[in-house]
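First comes the structure, then the notes that go with it.
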Amino acid sequence: MKEKLSFAVSVIFSLLPLIFVCFIISSEISIIIRCSDKVEGTIESYNIRVTEDEDGFEEKHYYPVYRYKYNYITYRSESLVSDRSFVKTMVGSPVTLHINPDNPKEVYENIGGRLVAPVIIIVVYLVVGILFLAAFLRRKKKIRELLEKDKPLFDKK
10 MKEKLSFAVS
20 VIFSLLPLIF
30 VCFIISSEIS
40 IIIRCSDKVE
50 GTIESYNIRV
60 TEDEDGFEEK
70 HYYPVYRYKY
80 NYITYRSESL
90 VSDRSFVKTM
100 VGSPVTLHIN
110 PDNPKEVYEN
120 IGGRLVAPVI
130 IIVVYLVVGI
140 LFLAAFLRRK
150 KKIRELLEKD
160 KPLFDKK
């Protein structure tokens, strides 16, 4: 009974990260579906926000501000995604933007680019899971074989 409970708990806790990664992938796919129109725009500026963690370490987040035309209307919109490391694209540089046709202020520059890491995590997770399952089944089979060898034989009289 104790083995079954520990096995169930380990399965539940091992599935939680997988569920989290699946949530990330599903939200990215939702963005890809919603933001179906492409337009050319430029990076007008960057909004910088500074956050501080509990140790007092400050971290800068760079949010590009895009300028683009959609259906003959000029929009100016801040990205919903920041770049924490450094500004990769210069102000005034052209960019391809993906726009939500129902809400043209919702734009993404690198749509689908954030899918790579979660997909790699899932593949690694599945491979490791299959290896652990194979090892578990092999161990269980060996235990069963050893128990059958040591089983006393009863003669029916």
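Convert by adding 9 to the 1-based position in the sequence shown; the result is the number in the working numbering. We treat Cβ as the ideally placed atom computed from N, Cα and C, and that holds for glycine.
Residue i: buried (16+ other C-beta within 10 angstroms of its C-beta) or exposed?
i: P103; result: exposed
i: I52; result: buried
i: G65; result: exposed
i: S23; result: exposed
i: P110; result: exposed
i: P113; result: buried
i: Y117; result: buried
i: I152; result: exposed
i: G50; result: buried
i: I108; result: buried
i: Y81; result: exposed
Using DSSP bridges, identify the partner residues of residue i.
i: V74; result: S54 and E87
i: E61; result: E67
i: V116; result: I108
i: P103; result: T51
i: I129; result: The partner list for I129 (beta bridge, DSSP) is empty, contrary to what the question assumes.
So residue i packs on residue j, CB below 8 angstroms; how close in whole Å?
i: V74; j: E87; result: 5 angstroms
i: Y72; j: Y55; result: 7 angstroms
i: E115; j: C44; result: 7 angstroms
Spatial neighbours of residue i within its chain, please: CB distance less than 8 angstroms, with the 5 preceding and 5 following residues excluded, ordered by chain position.
i: E68; result: V59, T60, E61, D62 and R93
i: I131; result: L27, V30, C31 and I34
i: Y79; result: D46, V48, I108 and P113
i: T98; result: I52, P73 and V104
Using a Cβ-Cβ cut-off of 6 angstroms (strictly less than) and excluding sequence neighbours within five positions of residue i, which residues of its own chain qualify?
i: L89; result: none
Tell me, please, whether the CB atom of residue i is closer than 7 angstroms to any CB atom in chain D?
i: D46; result: Judged by its chain identifiers, the structure shown contains no chain D, having just a single protein chain.
Excluding five sequence neighbours on each side, which residues of the same chain lie with their C-beta closer than 7 angstroms to the C-beta of residue i?
i: T105; result: K47 and E49
In chain order, each alpha helix (DSSP H) run of at least 4 residues that lies wholly inside the segment 19-52: none
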